[in-house]
DNA sequence: TCTTTTAAGTCAGTCTTGTTGACTTTCCAA
DNA sequence: TTGGAAAGTCAACAAGACTGACTTAAAAGA
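Protein chains in written order, with our numbering: chain A, 1 to 166; chain B, 167 to 332.
Structure representation (structure tokens):
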């Protein structure tokens, strides 16, 4: 049916109309994306920022504060507030570096890992339903477009995490 | 090559690993998605909330405040602050309803339409590049997954806007 | 060794964007 | 004519981002 060759391509998918639909889809979908974890977080008076910190500490165990800062793309002061409450509440452990003792390495405690699992499972559940409804081909396209939409620093972080261990 | 039938399907795309990549892709891509308009807005000391209001007033000219409220999913007080500055600055016009004079119908002024165009063109440019890089099949999948990720009220709003006039 | 740089943390203040709650004004419709 | 809906306003608050200035500790370099 459609000619998807590299030269004789049908470019109708690049009209402003199509782009606008994609933009609105991103806006509305992102709300769904964050809705379930947000509900859980609200119950325990945490916010989205806590979720993000837990997620990336879990993904890159033993990461330094500086690295987390650059992944999250926020300032040190902003992260510090969140990190402090997580440490005080016993969800995150901060260990002095052995090679470089200026650095702090961050780890989830058992309690922190439990909350992270709860939050990410809620988020995965919706994602799983969406993936299942859309099918594997759609999922591949979904990821391809998102990757092309990232700016360079984000893409670097994304790629670095992409194939790291569970 | 791949069997994508409804029963004998390969379900590897539903692993937690795959879902996690999708979640991280959404997180990093959303930053790219908002980055360009955010830069423009910062210069004129507006925020993302102003952009959203301008976008949907443009999309649904003459919409009422109540309708805009439900599309944006924020409280009346929150929207009102944003709307007030946009009206004061002459970007949005609020007309008393002729049929129901309690309602206000919202329109962009020439100046408001100009800013909206500038913001959305910046956003479209990135979207266009991503679409072009990923190709039409990927774009179709991208949209399909996003639509499946929305919660019900958002999907309603999305569908209502989807095929409305330019 | 002395100096500079880096990593982390802190204090103070600001801004945007969201929230509740209470209240008024306007005005349609039963 | 009165009840209730739509809109708007005021006040207070919170999360989460920001800047700027500063401290402490430790590594790295001259």
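C-beta atoms are modelled at their ideal positions from N, C-alpha and C, and glycine is treated no differently.
The model shown is predicted, which means the values in this text are computed figures rather than measured ones.
**Prompt:** Under a CB-based cut-off of 8 Å, is residue 209 of chain B close to chain A?
**Reply:** It does not: the Cβ of residue 209 of chain B has no partner Cβ on chain A nearer than 8 Å.
**Request:** Classify residue 181 of chain B as buried or exposed, calling it buried when 16 or more other Cβ atoms lie within 10 Å of its own Cβ.
**Result:** Exposed, by the Cβ-count rule.
**Asked** Using Cβ-Cβ distances below 8 Å, what residues of the stretch 189-220 of chain B are close to chain A?
**Response** Listed by position, the residues of the stretch 189-220 of chain B near chain A (Cβ gap below 8 Å) are 189, 190, 191, 192, 193, 194, 195, 196, 197, 198, 199, 201, 218.
**Item:** Cβ shell of residue 118 of chain A (< 8 Å), same chain only, five flanking positions each side left out
**Value:** Within the same chain, residue 118 of chain A has close Cβ partners 40.
**Prompt:** Is the stretch 193-207 of chain B in contact with the stretch 273-290 of chain B, if contact means three or more CB pairs nearer than 8 Å?
**Reply:** As far as the Cβ criterion goes, the stretch 193-207 of chain B touches the stretch 273-290 of chain B, which means the pair count is three or higher.
**Prompt:** Between the C-alpha atoms of residue 302 of chain B and residue 151 of chain A, what's the straight-line distance to the nearest angstrom?
**Reply:** Straight-line Cα distance between these residues: approximately 21 Å.
**Message:** Looking at chain B, is there any beta carbon in it that lies within less than 8 Å of the beta carbon of residue 167 of chain A?
**Reply:** There is simply no residue 167 of chain A to check, as chain A begins at 1 and stops at 166 in what is shown.
**Request:** Pick out whichever of B:177, B:176, B:184 has its Cα sitting closest to the Cα of residue 124 of chain A.
**Result:** By alpha-carbon distance to residue 124 of chain A, the top candidate from B:177, B:176, B:184 is B:184.
**Message:** So, does the stretch 46-60 of chain A touch the stretch 146-164 of chain A, judging by three or more C-beta pairs under 8 Å?
**Reply:** Touching, yes.
**Asked** Quick one: which chain A residues come within Cβ less than 8 Å of residue 180 of chain B?
**Response** Ordered by position in chain A, the residues that pass the 8 Å Cβ test against residue 180 of chain B are 128, 131, 132.
**Message:** Taking the beta carbon of residue 146 of chain A as the centre, do at least 16 other beta carbons fall within 10 Å, making it buried, or is it exposed?
**Reply:** Its Cβ being crowded by 16 or more others within 10 Å, residue 146 of chain A is buried.
**Asked** Which whole-angstrom value describes the C-beta separation of residue 188 of chain B and residue 127 of chain A, a residue pair presumed to lie in contact below a C-beta threshold of 8 Å?
**Response** Yes, they are in contact, since the Cβ atoms of residue 188 of chain B and residue 127 of chain A sit about 6 Å apart, within 8 Å.
**Request:** Buried or exposed for residue 168 of chain B, please, with buried defined as at least 16 other CB atoms from any protein chain shown within 10 angstroms of its CB.
**Result:** Note that residue 168 of chain B scores a pLDDT of 47, beneath 50, so its modelled location is shaky; the value from the coordinates is reported in the next line. Here residue 168 of chain B is exposed, its C-beta having fewer than 16 other C-beta atoms within 10 Å.
**Item:** Proximal chain B residues relative to residue 106 of chain A, where beta-carbon distance stays under 9 Å
**Value:** Those do not exist, as residue 106 of chain A stays about 18 Å from chain B at its closest Cβ, beyond 9 Å.
**Request:** May I have the straight-line CA-CA distance separating residue 4 of chain A from residue 24 of chain A, to the nearest angstrom?
**Result:** For residue 4 of chain A, the predicted structure reports a pLDDT of 47, less than 50, and the residue's modelled location is therefore unreliable. A value from the coordinates is still provided. Taking the straight line from one Cα to the other gives about 25 Å.
**Prompt:** Thinking C-beta only, is residue 91 of chain A closer than 8 Å to residue 76 of chain A?
**Reply:** Residue 91 of chain A sits away from residue 76 of chain A, with the two beta carbons spaced by 8 Å or more.
**Asked** Does residue 246 of chain B get closer than 8 Å to chain A when you measure Cβ to Cβ?
**Response** By this cut-off, residue 246 of chain B is not an interface position.
**Asked** Going by other Cβ atoms of all chains shown within 10 Å of its Cβ, with 16 needed for buried, is residue 178 of chain B buried or exposed?
**Response** When all chains shown are included, residue 178 of chain B counts as exposed.
**Prompt:** Residues of chain A with a CB under 7 Å from the CB of residue 313 of chain B: which are they?
**Reply:** Residues of chain A passing the Cβ test: 25.
**Asked** Between residue 307 of chain B and residue 267 of chain B, what straight-line distance do the alpha-carbon atoms span, to the nearest angstrom?
**Response** When rounded, the distance between both Cα atoms is 44 Å.
**Message:** At the 8 Å Cβ level, is residue 61 of chain A part of the contact set with chain B, yes or no?
**Reply:** Put simply, the CB of residue 61 of chain A is far from chain B, with every gap to its CB atoms at 8 Å or more.
**Item:** Cβ-based burial, residue 208 of chain B [other Cβ within 10 Å; buried from 16]
**Value:** Here residue 208 of chain B is exposed. Its C-beta has fewer than 16 other C-beta atoms within 10 Å.
**Message:** Please state whether the Cβ-Cβ distance between residue 234 of chain B and residue 272 of chain B is less than 8 Å.
**Reply:** For the 8 Å CB-CB criterion, residue 234 of chain B and residue 272 of chain B form a contact.
**Assigned exposure category for residue 210 of chain B - 16 Cβ within 10 Å defines buried** = That one is exposed.
**C-beta contact flag for residue 249 of chain B and residue 238 of chain B at 8 Å** = Taking 8 Å as the cut-off, the Cβ atoms of residue 249 of chain B and residue 238 of chain B do not count as close.
**Prompt:** Closest by CA to residue 228 of chain B, which one among B:252, B:269, B:195?
**Reply:** Considering only B:252, B:269, B:195, the residue with the shortest C-alpha distance to residue 228 of chain B is B:269.
**Item:** Enclosing beta strand (DSSP E) for residue 273 of chain B [first to last residue]
**Value:** For residue 273 of chain B, the enclosing beta strand (DSSP E) stretches over residues 270-274.
**Request:** For residue 125 of chain A, name the three-state secondary structure that DSSP assigns.
**Result:** For residue 125 of chain A, the secondary structure class from DSSP, reduced to helix, strand or coil, is helix.
**Prompt:** Does the beta-carbon of residue 139 of chain A have 16 or more other beta-carbons within 10 angstroms, so that it is buried, or is it exposed?
**Reply:** With a 10 Å radius around the Cβ and a threshold of 16 neighbouring Cβ atoms, residue 139 of chain A comes out buried.
**Message:** Considering just the uninterrupted stretch of the beta strand (DSSP E) at residue 144 of chain A, what are its terminal residues?
**Reply:** Segment 136-149 is the alpha helix (DSSP H) holding residue 144 of chain A; no beta strand (DSSP E) there.
**Request:** Assign residue 258 of chain B to one of three DSSP states: helix, strand, or coil.
**Result:** Of the three classes helix, strand and coil, the one that applies to residue 258 of chain B here is strand, per DSSP.
**Message:** Against chain A, which members of the stretch 273-292 of chain B pass a CB distance test of less than 8 Å?
**Reply:** Per Cβ criterion, the list reads 286, 289, 290, 292.
**Request:** Quickly, what does DSSP pair residue 34 of chain A with across the bridge? List them, please.
**Result:** Residue 34 of chain A is not bridged by DSSP to any residue.
**Item:** Interface residues of chain B facing residue 10 of chain A [CB-CB closer than 8 Å]
**Value:** Listed by position along chain B, the residues whose Cβ is nearer than 8 Å to that of residue 10 of chain A are 302.
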